[in-house]
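Those sequence lines, one after another, are chains A and B. Here the first sequence stands for residues 1 to 241, where the numbers follow the working numbering. Here the second sequence stands for residues 242 to 482, where the numbers follow the working numbering. C-beta atoms are modelled at their ideal positions from N, C-alpha and C, and glycine is treated no differently. Small disclaimer: the values here were computed from a predicted structure and weren't measured.
2 protein chains.
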Amino acid sequence: MEYLSAVELFVRRLTSRSKLERPSISALLDLDGRLVPVQRGEDLILPGHPVSYSTLVVRGVLGRFDQMLDGKRQITALHIPGDMADLHSLPIPTPSWGIQSLVPSTTLQIPHERLRRVLDSHPDVAIAFWRDTVVDASILAKWTAYIGRADATTRIAHLFCELGVRMAFQGMAAKDDFPLAFTQAQIADAVGLTTVHVNRTMAVLRAACGLSIEKGRVMVRDWNVMASYANFDDSYLLMSR
Amino acid sequence: MEYLSAVELFVRRLTSRSKLERPSISALLDLDGRLVPVQRGEDLILPGHPVSYSTLVVRGVLGRFDQMLDGKRQITALHIPGDMADLHSLPIPTPSWGIQSLVPSTTLQIPHERLRRVLDSHPDVAIAFWRDTVVDASILAKWTAYIGRADATTRIAHLFCELGVRMAFQGMAAKDDFPLAFTQAQIADAVGLTTVHVNRTMAVLRAACGLSIEKGRVMVRDWNVMASYANFDDSYLLMSR
DNA sequence: CGGCGACTTGAGATCTTTCAAGCTGCGTGG
DNA sequence: CCACGCAGCTTGAAAGATCTCAAGTCGCCG
Chain A
1 MEYLSAVELF
11 VRRLTSRSKL
21 ERPSISALLD
31 LDGRLVPVQR
41 GEDLILPGHP
51 VSYSTLVVRG
61 VLGRFDQMLD
71 GKRQITALHI
81 PGDMADLHSL
91 PIPTPSWGIQ
101 SLVPSTTLQI
111 PHERLRRVLD
121 SHPDVAIAFW
131 RDTVVDASIL
141 AKWTAYIGRA
151 DATTRIAHLF
161 CELGVRMAFQ
171 GMAAKDDFPL
181 AFTQAQIADA
191 VGLTTVHVNR
201 TMAVLRAACG
211 LSIEKGRVMV
221 RDWNVMASYA
231 NFDDSYLLMS
241 R
Chain B
242 MEYLSAVELF
252 VRRLTSRSKL
262 ERPSISALLD
272 LDGRLVPVQR
282 GEDLILPGHP
292 VSYSTLVVRG
302 VLGRFDQMLD
312 GKRQITALHI
322 PGDMADLHSL
332 PIPTPSWGIQ
342 SLVPSTTLQI
352 PHERLRRVLD
362 SHPDVAIAFW
372 RDTVVDASIL
382 AKWTAYIGRA
392 DATTRIAHLF
402 CELGVRMAFQ
412 GMAAKDDFPL
422 AFTQAQIADA
432 VGLTTVHVNR
442 TMAVLRAACG
452 LSIEKGRVMV
462 RDWNVMASYA
472 NFDDSYLLMS
482 R
């Protein structure tokens with residue numbers, strides 16, 4: 001029943017930001033699809049290829065990415081369990097980005113047709129989905145700002161602040177100790193740096209605030225120190241109505 | 242009647258991507274608000290301050306931005322006439338970003354209340370608005386990718402490719418010759434570089450593809466050369482259904 | 001035990017920033 | 001009509017951040 005709880009997580013987050021009618025909520029909770037296990041590093045969706053389902057993260061972490069001609073990747077969003085990784089594909093079925101699995105994951109592919117049926121009879125769900133897309137854009141804007149204007153230490157600290165807070169918000173773990181088996185190459189793709197430089201910067205943060213990734217867990221000794229490196233302010237995550 | 246045509250532009254763009262019922266279209270065309278002239282450099286909306294209207298660009302260019310503690314700005318989106326700069330504020334009335342006017346502009350402040358009334362009676366409009374937000378996010382993702390993974394020349398070339406194509410799509414001008422009185426400092430804020438480096442890079446592009454800004458007009462002699470510097474592919478702008 | 005992926009380290013190259021100064025065009029006040 | 005001042009553009013030189021290339025280490029799995 002693992003995937004049922006992912007749908008529940010998704011609905012719980014929607015209702016934390018949007019008032020939904022009771023029938024809308026049950027229609028959402030009835031959503032179902034194909035449960036798909038995916039390996040680490042697998043590309044689930046490729047840019048320019050139309051899709052007919054949306055991808056709910058049940059387990060693991062997915063990354064939205066864009067790719068340069070020389071193959072360099074930039075991750076533009078991370079999705080943890082309870083996130084619909086490409087709600088976008090419902091209004092725009094041919095994405096301009098790709099989605100890859102960053103760790104061993106499980107997804108639930110929910111057919112667009114089913115989602116559209118819910119939207120057609122429950123207009124408040126459309127607003128809730130729209131609102132979720134706006135939160136996603138708010139996070140993306142923050143990433144853009146940090147990649148454009150912050151140095152390596154600040155960017156990486158900010159990434160882990162954000163991930164911790166989001167994990168905690170989903171009730172998965174504590175913000176200073178959560179499961180996440182990222183490689184340094186994946187961190188590099190997320191913050192727009194090279195692996196070598198990420199490696200050096202992680203060493204700095206390890207010394208400064210006790211940030212470490214061990215056995216697939218992120219741990220932070222002095223979370224507040226990391227947050228001050230990041231100038232972290234969680235309001236862009238819009239965690240309350 | 243200048244501002245009426247901005248509403249028309251907005252509606253025309255919505256209908257180019259979304260099928261809308263005839264009554265929905267007339268409800269949208271009936272939208273009205275307060276026409277506000279703004280000076281270059283003025284901040285229209287500040288991060289964290291709630292707003293009760295959405296801002297339609299009638300004339301000029303607005304920039305969405307985020308700001309670091311030291312005051313450095315990163316522009317995360319540009320809005321040209323016919324764009325609703327903060328449709329986002331309708332589902333999320335307290336923005337985490339600001340909006341500034343980059344050139345002398347005119348905006349139409351449309352009360353959220355009026356927009357909500359349209360949404361309530363025309364569910365297809367909600368989907369169209371949502372779709373517009375997704376296009377906005379698609380552009381933002383492309384910016385993130387270029388800021389994270391492309392060098393200065395490529396980033397700036399890409400910016401002007403995008404702006405040209407968007408201007409042409411709105412029917413404002415040709416993609417290789419359009420009105421836009423940006424300063425190099427504003428370009429720097431958009432691509433995440435310093436003014437000095439933008440200056441040097443503009444000189445390179447001027448020599449390579451005849452890109453220039455004179456008397457508030459952007460002109461490009463060899464658009465295809467610029468596009469190849471940018472590796473430009475317009476599909477992320479989703480200009481057709 | 002071998003091999004592979006991920007992490008670490010060093011050194012030099014390259015890109016971008018910083019600081020500083022001078023230039024240019026334009027609007028304003030005298 | 002001219003002088004001034006300011007904003008924006010340009011240029012030089014040095015500092016700094018990040019990247020590239022290259023090699024070596026570590027731990028885990030077959």
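Beta-bridge partners of residue i, as assigned by DSSP
i: I110 (chain A); result: A:S54
i: H320 (chain B); result: B:L303
i: R34 (chain A); result: A:Q109
i: P179 (chain A); result: A:R217
i: D284 (chain B); result: B:Q341
i: S246 (chain B); result: Bridge partners of S246 (chain B): none, in fact.
i: R172 (chain A); result: First, the residue type needs correcting, since residue 172 (chain A) is Met and not Arg in the sequence shown. BP columns for M172 (chain A) are empty, so no partner.
i: S212 (chain A); result: A:M219
Within-7 Å CB hit, residue i to chain B
i: P111 (chain A); result: no
i: H49 (chain A); result: no
i: K72 (chain A); result: yes
i: I45 (chain A); result: no
i: Y229 (chain A); result: no
i: H88 (chain A); result: yes
CB contact check: residue i to chain A, cutoff 7 Å
i: R253 (chain B); result: no
i: S337 (chain B); result: yes
i: S342 (chain B); result: no
i: S257 (chain B); result: no
i: R357 (chain B); result: no
i: D392 (chain B); result: no
i: S379 (chain B); result: yes
i: A367 (chain B); result: yes
i: V439 (chain B); result: no
i: T317 (chain B); result: yes
i: M309 (chain B); result: yes
i: W240 (chain B); result: Given a span of 242 to 482 for chain B in the structure shown, any question on residue 240 (chain B) remains unanswerable.
i: W384 (chain B); result: yes
Reference residue i; option with closest CA among the options
i: G216 (chain A); options: A:G48, A:R34, A:Q184; result: A:Q184
i: V298 (chain B); options: B:M460, B:L331, B:V248, B:S362; result: B:V248
i: A207 (chain A); options: A:H197, A:E214, A:D222; result: A:D222
i: L78 (chain A); options: A:A203, A:V198, A:D189, A:V220; result: A:D189
i: I110 (chain A); options: A:T15, A:I99, A:A85, A:A128; result: A:A85
i: L102 (chain A); options: A:V134, A:T76, A:A145, A:G33; result: A:T76
i: I80 (chain A); options: A:Q74, A:G71, A:P104; result: A:P104
i: R300 (chain B); options: B:M413, B:F370, B:S453, B:N465; result: B:M413
i: G389 (chain B); options: A:M167, A:V225, A:T194; result: A:T194
i: D311 (chain B); options: A:R12, A:Y146, A:T107, A:I99; result: A:Y146
i: A268 (chain B); options: B:S293, B:L360, B:D373; result: B:L360
i: T106 (chain A); options: A:T15, A:V61, A:R117, A:S89; result: A:V61
i: M309 (chain B); options: A:V134, A:I92, A:A141; result: A:A141
i: V204 (chain A); options: A:Y229, A:T133, A:S121; result: A:Y229
i: R254 (chain B); options: B:I454, B:L331, B:F410; result: B:F410
i: R281 (chain B); options: B:V437, B:I340, B:S362; result: B:I340
i: H112 (chain A); options: A:I92, A:H122, A:D66, A:E42; result: A:I92
i: H329 (chain B); options: A:F182, A:V135, A:K72; result: A:V135
i: D307 (chain B); options: A:T144, A:D132, A:L163; result: A:T144
i: R372 (chain B); options: B:S246, B:R305, B:S257; result: B:S257
Cβ-based neighbour list, residue i, same chain, cut-off 6 Å, excluding 5 preceding and 5 following
i: V406 (chain B); result: K416, D475
i: I428 (chain B); result: V439
i: V225 (chain A); result: C209
i: R355 (chain B); result: none
8 Å Cβ shell around residue i - same chain, five flanking residues per side excluded
i: D177 (chain A); result: R217, V218, M219, V220
i: D253 (chain A); result: Beyond the ends of chain A as shown, which are 1 and 241, falls residue 253 (chain A); an answer cannot be given.
i: T442 (chain B); result: A393, T394, I397, L434
i: S379 (chain B); result: Y477, L478, L479
Own chain, CB closer than 7 Å to residue i, minus 5 neighbours either side, in chain order
i: F423 (chain B); result: L343, I454
i: S54 (chain A); result: M84, D86, L87, S89, L90, I110, H112, L115
Checklist entry - Taking three-plus beta-carbon pairs below 8 Å as touching, is the segment 268-283 of chain B in contact with the segment 48-57 of chain A? => result no
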